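Peer 1: The following block contains the structure, expressed as structure tokens.
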Amino acid sequence: MKAEADIFIDLWQSIRDDIPDGERRVRPTLLRLENWLHELPPSLKFDCEAGMPEAMAQAPSMRSLAS
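Converting from the sequence shown to this note's numbering requires adding 526 to each position, the first position being numbered 1.
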């Protein structure tokens, strides 16, 4: 099975030259991401405007995401 990042890269490469059709093609991916956001446990949720909570940023599994 392809990694999620590979799916997004393939999608971007397929639409980058077809901008008018891009929104229709990206919509399912955006909806999937929104669904994932709602399914996250409270300890992993944060407001993008407020930034990542310090405790989350210090977690070993989050260091690459935080940087």
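Even for Gly, the Cβ is constructed at its ideal location relative to N, Cα and C.
Bear in mind the structure is a predicted one, so any value in this text is a computation, not a measurement.
How is the alpha helix (DSSP H) around residue 582 delimited, first residue to last?
Peer 2: Where residue 582 is concerned, the enclosing alpha helix (DSSP H) stretches over 580-584.
Peer 1: Can you list, in chain order, the residues of its chain with a C-beta nearer than 7 Å to that of residue 569? Leave out the 5 residues immediately preceding and following it.
Peer 2: Cβ within range, chain order: n/a, list empty.
Peer 1: By the three-class DSSP mapping on this structure, what secondary structure does residue 559 have?
Peer 2: In the structure shown, residue 559 sits in a helix (DSSP, three-state: H, G or I).
Peer 1: Since residue 566 contacts residue 555 with CB under 8 Å, what's their CB separation in whole angstroms?
Peer 2: With 8 Å as the limit, residue 566 and residue 555 do not qualify as a contact, their Cβ atoms being about 17 Å apart.
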